[in-house]
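Using our numbering, the first residue of the sequence shown is number 4, and each one after it goes up by one. In this text, a Cβ means the ideal position worked out from N, Cα and C, and glycines have one as well. Have a look at the structure below before the remarks.
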Amino acid sequence: MGEIRIETLQGRALLPLLPALARLRIAVFRDFPYLYEGDATYEAGYLRRYAESPCAAVIVAFDGAEAVGAATCLPLEDETATVTAPFRARGWDPARFFYFGESVLLRPWRGRGIGVAFFAAREAHARAVASVDFATFCGVRRPDDHPARPAGWVALDAFWRRRGYAPQPGLACTMSWREIGDAAETPHTLAFWTKSLTGAALP
Ligand SMILES: CC(C)(COP(=O)(O)OP(=O)(O)OC[C@H]1O[C@@H](n2cnc3c(N)ncnc32)[C@H](O)[C@@H]1OP(=O)(O)O)[C@@H](O)C(=O)NCCC(=O)NCCS
């Protein structure tokens, strides 16, 4: 394991990296709690949006030439209705939020501060490109007794709280994907967390 380089990439600079980023998402989200079977066609379209949205960015962790982790972000306004609808329903203007899509880091590189750097870089990017008051992301909820939960698995809630994020009770969206071993996609609930970037309070 060499020196880790963290880069904030946008637009065309992302295009050559999209296949590697898709492989990272598929590899990391195969594990609990996502249990994502992986769909290369979906990945190509999903990630291309980050290259096409002028204010979006992907923070990439490189070990040498290899992308070993990535974190995505874009204005919430540029997200799909699936993601923005719960905010609109609550009367919260999506224009005030920057949305963090995901952080994925291969296991051997975890616990060295890269996840912390992903949050710092995304918050810095949001402040640089948009006049937003809040950052937000969502995470899948799984019951404590889920049969696929590995022994000793620890939720990221404490990690997220230490980065200054708080869950927003009742604010959630539904995304569908095919779980490992399933023939068809099933719906999954993802709960939103937020952090004020400016000191502004949520309405
Ligand atoms: C989320 C994820 C990217 C976090 O990555 P990570 O690099 O292991 O996290 P970090 O090493 O930055 O932080 C973990 C802890 O180590 C600490 N740490 C260790 N070395 C550090 C260093 N050199 N500098 C700063 N912090 C360090 C951090 O402070 C943090 O502890 P804290 O929460 O008490 O402050 C990673 O766990 C992952 O890919 N998980 C699977 C996918 C997932 O669930 N993603 C989130 C939803 S999309």
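Q | Contact check, A68 vs L50, beta carbons under 8 Å | A | no
Q: Return the Cβ separation of P153 and F32 in integer angstroms, given the expectation that the two are a contact with Cβ distance under 8 Å.
A: In fact, because the Cβ distance is near 15 Å, the residues do not count as touching under 8 Å.
Q: Give me the Cβ distance between P111 and M178, rounded to the nearest whole Å; I'm assuming they're in contact under 8 Å.
A: About 28 Å separates the two Cβ atoms, so there is no contact after all.
Q) Using a Cβ-Cβ cut-off of 8 Å (strictly less than) and excluding sequence neighbours within five positions of D185, which residues of its own chain qualify? A) E40.
(Q) On the criterion of 16 or more Cβ atoms from any shown chain inside 10 Å, does D136 qualify as buried, or is it exposed? (A) buried
Q: Under 8 Å by Cβ, that's how I've got L27 and A54 pegged, so tell me the actual separation to the nearest angstrom.
A: Rounded to the nearest angstrom, the Cβ distance from L27 to A54 is 15 Å, too far for a contact under 8 Å.
Q | Nearest-angstrom Cα separation, counted from L38 out to I183 | A | 6 Å
Q. So A74 and F103 are in contact, right, with Cβ under 8 Å, and what is the actual spacing, rounded?
A. 7 Å
**Q.** Alpha carbon of F101 to alpha carbon of L79, nearest angstrom
**A.** 5 Å
Q) What does a CB cutoff of less than 8 Å around L193 pick up in its chain, not counting 5 residues either side in sequence? A) C141, G142, V143, R144, A175, C176, T177, M178
Q: Can you check DSSP and say which residues form a bridge with R8?
A: F65
Q: List the DSSP bridge partners of I182.
A: The sequence shown places Glu at residue 182, rather than the Ile named in the question. Y39, per the DSSP bridge assignment.
Q: Taking only the alpha-carbon atoms, compute the straight-line gap between T11 and T189 and give it to the nearest angstrom.
A: 33 Å
Q: Please find out if some non-hydrogen atom of ligand 1 comes closer than 7 Å to the beta-carbon of G142.
A: yes
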